Amino acid sequence: MFNNIKHRMWKKCLTPVMNKLGKNNLLLEQTRFGVYEISVSSHSNYLEPVQLDIVNIITSLFTCKVWPYRTPIRVNVINSKAAEFFPWLKFIKKINVDELEYHTSTLSKDDHELLLQLAEVSKAIQIVVDANYKRMDIIPLAREIFQRKCAEIEFEEDLWRQRSFISVDDIERLLKFVNGLNKKVKFRASVDASPGIFNIGMYRIEIGQVSKAMMVRANAILYTVANPFRVQKEGESSCKISFGVRNKLKNIMWKNCFTFLTKKLGKDNVIFEQTRLLETALISVIVTAEQIDHLIGYIKPLLDNLTIFTFELEAVPLKIINIITNFFKDKIGPSIIPIRVNVTNSKASEFFPWLELIKKVNVNRLEYRTSSISKDDCALLIQLAGVAKLIRIIVDVSYNRIDIVPLIREMFRRKCVQIIFEEDFGLPIHTTFLSIEDVDRLIKYFHNLTKKVRFYAFADASPIVSQIGMYRVVLSCTVLSKRMTVDILAFPRTATETLGSYLSLKSIVRLRENEDSVKLSFGISNRKKYKMWTNFVDFVTQTLDIQNASLQQEATMFQPSSMFMTVNAERLRTFTRAMRPLLEASMIVQLALETVPKAIAKIISDVFKNKKVLTIFVNVKNSNAVEFSPWLPLITRFNPLTINYTTSTLTKSADFKLLLRFASISRTIRIYKSVDVVPLIREILLRRCANIDLRVESIRDMSSISFLSTRDIERLLQSFNSVSKKIRFLAFTDAQPMNIQIGTFKVCVTDEPNAKHITIESI
C-alpha cells in the first residue's frame, strides 16, 4: 500500500485476528520504493497443512470476485521451483490479465512450461532475471510464447545488473519466425550489437545504447513531472541543477539514477532536499561547465520523458546556458510554462543568454526577482515583456525606490498586459513604488493603449475606489504593512474592438420577452470577465441615460455567473447600437431564443447578422410555434450544427412545420418532449438532418414521457431503411435491453437509473 494511513488501518484490523492464532505472525515492512507491505506468516496451526491448501483457499476466496479491470500479475520463483507455482494458474486465469511480470534466477524446463501456460493468459510478459542467471538460448522459448495469446515479450536483468540476452544471429532467427506470424508482436532485450535502426520485412529493428541509468523500471520513470526545474549559480564555473518530484516512487528511482551517474563525473555531487511544500522532494546535482555536457548525455533517455511544469533560472556560466538551451529548445511543446528569473545574486546583464530558451517556451506568466532595478534590469524586463503576458516583479530588502513609470510604459508597449510590483514574501519592509502623481501619469498613458491592461503596486496615497474615464482605480489599505495598494484595471477606449478576445468561448446569450420589455442574459464563466462586462454595461447605460435598464446577477444551469439585463422595448434599438461593437467582437457558442415581437426580433437579428453560432436553443414551451417565425431568417444565416427544440406539445400544424424548417438548416435536432413522433421523424430525415435526439427537458418531467414502444421501434426501422444516408437516433423507450443488428442498423437499448435509452445508428 502506498497510503500510510490505510496501511495503519489494515495493520490495526489484522493484529487482533492474528493474536487469536496463538502468536503474532504479522510482518510489517516498507520497501525501498516507499511502498508499505503487510505479510502474514503461515506457520500457525490455523494455516499449517501444506502450501497447496493455502493456494486453494486464496483461489476460492478470489475466484468468486468480479474483476472488471485488468490486473497486473507478478510471479516470483527465485526462491522456489517453477513446478510449485502451477497451482496458482487457476487463480491467474480467472483474473483479466493484461501484463505479467516473471522473476526468476534461471530458465529451466519447468520455467519454460510455466511461461507457456502464462502466455495463454497475458498479452505482455516481462521476464526479469537476477544475478544467478546464466545466458542461454531464449529464441525457442520466445517462439513458443508468440504462438500463444502473448504479443509482447521483454527480457531484462534485475536492478543495476547488465548483461546481454541475445546476439545478432539470434535476431535473424527470431525475424524469420515472426515474419510468418499473422499478428503484430514486440520483442525487447539487451543485445551484443552496435546501435542502429533497420527495417527488415514488416518489422522495425531499433538497437540503442542502453546506459545503466535505464536499468531501473522504465515504465515507472516515464512522463515524470518536474516542478520546478531549477538552474542555480553555485560558483564561478559551476551550477546546481535541481528538479522536484512529488511521486515518492519516482523520486527514489531518479535519486538512484543520479547517484549512479554522478559517480561517473568523479565524485558524488547529488544533494537531496525537502522543499517548503512537504510533498515535493528536490533532487539536485552540482556540475561544472566541463561536466554538464557529459551529464546531459548520460541522463538524456530520462530527460526525453520529463515534463517540466516550471522553469527557475539564474545567471550561470555561458557554456552551461548554451548546452541546456540546445538540449531543451527542440523539446519544449506548445504548453504554457511559467518562468522564474532570479538575478538577486548576480547582474541582470549576465542573464541575457537565457533569452533564446525563454522565447522558445510558450510563456504566460513570468516572475522576476531582483534586489534593484538598474539599467540592465530595465533592458532585460523590456525584453521579457515581449514574451510574457503577466510579469511579477519581486524586490528584496535592499531595494531603493526609483521612478518606474517609464519602465511600465515600455513594458506595456510589448506583449505584456499585466504587471505586478511587490516585495519578497515575509520581509518586514515598507517599500512603496508609486506616488499619487505617478498614478495620474499612468492613467494618462493608459488612455492611449489599444488593449486591456492591469497594474498592481504599493503606493503613497489615500484609499479610493474611482472610475476615471474607462479606467477603474482601486487604492486599498494593506493591514500588515500599513501601506496603500494601487490596482488599476485599464479598460481602453478601443475596448469594444478587442473585447471579444477576452470573452469565454462558453458565453451564452439568451433573449426573451417580458411584458413590454426584452430581457438579455449573458452567461460568462470567468468571474473577472464577468466583472468586466458588468462595468462596461454600467458605463453604457449611464452614458445613454437608459432609465429602464436594470442589471442583476443570477446563477443559471449554464453558467455560475449570469448577467440579466432588462431593457424597455422602446429603447432597445438605442442600447443595441451602443453595444453593437462589443457584441460583434464576442464569440457566441450558444444562443437561446424565445418568441418576441417581430420588431424586437428584427433589431436583434440585425446585430447578430454576421455572427457564427454553433448551437441554437429554441423555446416555444409557453407560446405558439407560429409566433417564432420572425427568428427563422437569423437561424438560417447562422447555419448551426445543433438545434435544441423545447415544447410542451407537438402540434402538427405549428411545431411540425417549424421543425421541418429546422431540419433543412441543421444536421442535428434535439426535441425535448414527445408524443407519436414516428411520422415527424420520418419527415425530418427526408431533409438535411441526420441526427435526432428525443428527450425531456429535465428529470422532473420523467413521469410525463411518452416512451417509444417496441412497435414504434419497428416502424422507425422501416422508415430508416428508405433513407439513403447514415443516420443516428436517440430517445427513451420501454423496450427490453438489447444490443442487436437489424439490417444495416445497430439497435442498442440500455437500462439507465432514470429510464431506458435507445440508440439506432447506421453501421
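Following full-length UniProt numbering, the numbering of the sequence shown begins with 1 at its first residue and continues without gaps. All residues carry an ideal CB built from backbone N, CA and C; glycine is no exception. Values in this document were obtained by computation on a predicted structure and should not be read as measured data.
Looking at the DSSP output, residue 757 shares a beta bridge with 732, 750. With fewer than 16 other Cβ atoms from the protein chains shown falling within 10 Å of its own Cβ, residue 134 counts as exposed. Each of 628, 636, 638 was checked against the Cα of residue 646, and the nearest Cα belongs to 628. Rounded to whole angstroms, the separation of the alpha carbons of residue 389 and residue 600 is 41 Å. Spatial neighbours of residue 678 in its own chain (CB-CB distance under 8 Å, excluding positions within 5 residues in sequence) are listed in chain order as 712, 715, 716, 719. For residue 117, the enclosing alpha helix (DSSP H) starts and ends at 109–119. Of 750, 449, 438, 444, the smallest CA-CA separation from residue 457 is found for 438.
Residue 126 is positioned such that its CB atom lies closer than 8 Å to that of residue 154.
Annotation: the continuous beta strand (DSSP E) that includes residue 155 extends over 152–157. Scanning its chain for C-beta atoms nearer than 6 Å, with the 5 sequence neighbours on each side dropped, one finds around residue 101 the residues 74, 126, in chain order.
Under the DSSP definition of a beta bridge, residue 460 partners with 435. DSSP lists 242, 312 as the bridge partner or partners of residue 230. By the CB criterion at 8 Å, residue 708 and residue 732 fall inside the cutoff. DSSP, read as helix, strand or coil, puts residue 445 in helix. Contact check for residue 617 against residue 593 passes: the beta carbons are separated by less than 8 Å. With fewer than 16 other CB atoms across the displayed protein chains lying within 10 angstroms of its CB, residue 741 is exposed. If you look at residue 678, you'll find it in the alpha helix (DSSP H) that goes 678–685. Taking the CA atoms as reference points, residue 422 sits about 23 Å from residue 444. The beta carbons of residue 658 and residue 625 sit closer together than 8 Å. Going by C-alpha positions, residue 119 is about 53 Å away from residue 682. Taking C-beta separations shorter than 8 Å and ignoring five residues to either side along the sequence, the partners of residue 72 in its chain run 97, 98, 99, 100, 101, following chain order. Residue 166 is bridged by DSSP to 191. In this structure residue 615 is not in contact with residue 596, their Cβ atoms being roughly 19 Å apart against a cut-off of 8 Å.
Around the Cβ of residue 307, a 10 Å sphere holds fewer than 16 other Cβ atoms; the residue is exposed. Using a Cβ distance threshold of 8 Å, residue 283 and residue 243 count as a contacting pair. Here the alpha carbons of residue 760 and residue 685 stand approximately 13 Å from one another.
For residue 77, the secondary structure class from DSSP, reduced to helix, strand or coil, is coil.
Distances from the alpha-carbon of residue 89 to those of 324, 182, 121, 309 put 121 closest. Annotated as proximal: residue 395 and residue 370, with beta-carbon spacing under 8 Å. In this structure residue 346 is not in contact with residue 379, their Cβ atoms being roughly 15 Å apart against a cut-off of 8 Å.
Secondary structure note for residue 636: its alpha helix (DSSP H) is the uninterrupted segment 632–638. Within the same chain, 104, 108, 110, 111, 113, 114 come within 8 Å of residue 82 by CB-CB distance, once the 5 residues on both sides are set aside. Shown here, residue 130 sits in coil according to DSSP, grouped into three states, outside any helix or strand. For residue 419, the closest alpha carbon among the candidates 386, 755, 401 is that of 386. Shown here, residue 575 sits in a helix according to DSSP, grouped into three states. Residue environment: residue 725 is assigned as exposed (fewer than 16 neighbouring CB atoms within 10 Å of its CB, all protein chains considered).
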